[in-house]
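**Q** Residue numbers (the working numbering): 1 to 161.
Note that CB positions come from ideal geometry on N, CA and C, so glycine has one too.
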Amino acid sequence: MSKFTYASDNKEFTVEIDSSLLEDCFLECNKSSNYETGGILIGKYNDDMRTAVIRSVSKAPSDSKIGKMSFKRGIKGLIDVLNKKWDESGEYYLGEWHFHPNNSSQPSGTDVRQMKELSRHKRLKCPEPILLIIGGNSMVGWNISLNVFQNDAVIELYRFK
Ligand SMILES: [Zn+2]
Numbered sequence: 001m002s003k004f005t006y007a008s009d010n011k012e013f014t015v016e017i018d019s020s021l022l023e024d025c026f027l028e029c030n031k032s033s034n035y036e037t038g039g040i041l042i043g044k045y046n047d048d049m050r051t052a053v054i055r056s057v058s059k060a061p062s063d064s065k066i067g068k069m070s071f072k073r074g075i076k077g078l079i080d081v082l083n084k085k086w087d088e089s090g091e092y093y094l095g096e097w098h099f100h101p102n103n104s105s106q107p108s109g110t111d112v113r114q115m116k117e118l119s120r121h122k123r124l125k126c127p128e129p130i131l132l133i134i135g136g137n138s139m140v141g142w143n144i145s146l147n148v149f150q151n152d153a154v155i156e157l158y159r160f161k
């Protein structure tokens, strides 16, 4: 297993994700073929509060709405998953991931709007949600984008390790 690290240009914000979790996402994307899919990111911040460590990724809840150019994540079962993670290991919601089949991994205007809404979501208590997008397909290869949404700013993170 290898760990990937993504950071903002000024290195103020860092995200760590294990390659095995990305492999899990790639599998889901492959199954989803020409349709979008996705889920949530779960983990915790390091003590410095600048490094988010993603420890698990969920699949698409069964009430998600999926299209070829759209994905609206459902909520079915997620509360139970999050409660369990919190009780077992103090992990919590960090953000979202989804798939852009045969396309660029850059966030769309809708993606940006949705993430800004999530950042203001009272019950989620996640003012700086992370968005992981996987683009492409297994034939041409996958491309990944990672952005964090902070006070209405969209900060792109780049892989450096
Ligand atoms: Zn999208």
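Using three-state DSSP, classify F71 as helix, strand or coil.
**A** Working through the sequence shown from its first residue, we reach residue 71 at position 71. It is a strand residue.
**Q** Run through DSSP, which three-state label would S62 get?
**A** Counted from its first residue, the sequence shown places residue 62 at position 62. It is coil, neither helix nor strand.
**Q** Could you check if N10 is buried or exposed, using at least 16 other CB atoms within 10 Å of its CB as the buried criterion?
**A** In the sequence shown, counting from the first residue as 1, residue 10 sits at position 10. N10 comes out exposed.
**Q** Is it the case that the Cβ atoms of W97 and L124 are separated by a distance below 9 Å?
**A** Counting from 1 along the sequence shown, the entry for residue 97 is found at position 97. Counting from 1 along the sequence shown, the entry for residue 124 is found at position 124. No, the pair does not count as a contact, with Cβ atoms beyond the cut-off.
**Q** Determine the DSSP secondary structure at S32, reduced to helix, strand or coil.
**A** Here residue 32 corresponds to residue number 32 of the sequence shown, with the count starting at 1. Three-state result, S32: helix.
**Q** Assign K85 to buried or exposed, taking buried as 16 or more other Cβ atoms, counted over all protein chains shown, within 10 Å of its Cβ.
**A** In the sequence shown, residue 85 corresponds to position 85, counting from 1. Burial call: buried.
**Q** How should I54 be labelled, buried or exposed, when 16 other C-beta atoms within 10 angstroms of its C-beta is the threshold for buried?
**A** As a position in the sequence shown, residue 54 is number 54, starting the count at 1. Burial call: buried.
**Q** Should P127 be counted as a contact of ligand 1 given a C-beta to heavy atom distance under 8 Å?
**A** In the sequence shown, residue 127 corresponds to position 127, counting from 1. It does not: the Cβ of P127 is nowhere closer than 8 Å to a heavy atom of ligand 1.
**Q** If you measure from each residue's Cβ to the nearest non-hydrogen atom of ligand 1, which ones come out under 5 Å, in chain order?
**A** Going along the chain, the residues that qualify are S108, D111.
**Q** Ignoring anything shorter than 3 residues, give me the beta strand (DSSP E) runs that lie fully in the region 69-111, in order along the chain.
**A** List check, beta strand (DSSP E) in window: 92-101.
**Q** Can you check whether the CB of G39 is closer than 9 Å to the CB of K59?
**A** The residue labelled residue 59 in the question sits at position 59 within the sequence shown. The residue labelled residue 39 in the question sits at position 39 within the sequence shown. Cβ distance < 9 Å, so K59 and G39 count as in contact.
**Q** Would you say the region 112-119 touches the region 138-154, given that touching needs at least three Cβ pairs under 8 Å?
**A** Yes, they touch.
**Q** Is it buried or exposed for F160, if we count other Cβ within 10 angstroms and need 16 for buried?
**A** Walking along the sequence shown from the start, residue 160 turns up at place 160. When all chains shown are included, F160 counts as exposed.
**Q** Can you name, in chain order, every residue of its own chain whose Cβ lies under 8 Å from the Cβ of S70, other than the five neighbours on each side?
**A** Numbered from its first residue, the sequence shown carries residue 70 at position 70. E36, T110, listed in sequence order.
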